Amino acid sequence: MTMSNKILWSDGTKMELFCLNAKCHVWRKYGTIPTVKHGGGRIMLWGCFSVACTGRLARIEATMNVTKYRGILDESLPQSAQDLRLGQRFTFQQDNNPKQTAKTTQKGLRDKYLNGP
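Residues 119 to 235, numbered by this note's numbering, are exactly what the sequence shown covers, in order.
Okay, structure coming up:
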């Protein structure tokens, strides 16, 4: 197995119905009045993937903070690595989001994966 096959990438995203917090372009017939009741809603997701396949997808309730992010990692990361057959030694790649670079997150990853059995 090559080195690129032993990488687990992760990312999070927020999807909104009816573009609540972003600029949105919609084609309508002239004179049509836009109607959106109750804002449409939104969902936040965290997921991971490798070269071969996708890993677990976690729905994030409310706003994600460091504690929620660590909970998602504790629950989804080991199972995703096992499902994707990455073995015990793999590289976990994440962006530089403050929740991911927080000292408590880094310590949790070190304690669980670098100093573990």
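From the three backbone atoms N, C-alpha and C, an ideal C-beta is built for every residue, glycine too. Note that the structure is a prediction, hence the values are computed from the model and not measured.
{"Asked": "May I have the straight-line CA-CA distance separating G205 from I125, to the nearest angstrom?", "Found": "11 Å"}
{"Asked": "Less than 7 Å between C-beta atoms, sequence neighbours within five positions excluded: which residues of the same chain meet that for K132?", "Found": "R160 and M162"}
{"Asked": "For R207, count neighbouring C-beta atoms within 10 Å of its own C-beta (all shown protein chains included) and say buried if the count is 16 or more, exposed if not.", "Found": "exposed"}
{"Asked": "For K217, which residues of its own chain have a beta-carbon under 6 Å away from its beta-carbon, when the five flanking residues on both sides are left out?", "Found": "V184 and Y187"}
{"Asked": "By the DSSP assignment, the alpha helix (DSSP H) with D192 in it spans what residues?", "Found": "V184 to D201"}
{"Asked": "Grouping DSSP H, G and I as helix and E and B as strand, with all else coil, what is L204?", "Found": "coil"}
{"Asked": "For the beta strand (DSSP E) that contains T239, what are its first and last residues?", "Found": "Since the first residue shown for the chain is 119 and the last is 235, residue 239 is missing from the structure and cannot be characterised."}
{"Asked": "Using CA atoms only, rank isn't needed, just tell me which of A220, Q200, T150 and Q224 is closest to S168.", "Found": "Q200"}
{"Asked": "Does the separation of the CB atoms of Q211 and W127 fall below 7 Å?", "Found": "yes"}
{"Asked": "Using the three-state DSSP reduction, which class does T223 fall into: helix, strand or coil?", "Found": "helix"}
{"Asked": "Quick one: residues in its chain with C-beta nearer than 6 Å to the C-beta of K130, no 5 flanking neighbours on either side, listed in chain order?", "Found": "Reading off the sequence, residue 130 comes out as Gly, not Lys. Cβ neighbours of G130 beyond the five flanking positions: W164."}
{"Asked": "Measuring straight from C-alpha to C-alpha, what distance separates M182 and G173?", "Found": "20 Å"}
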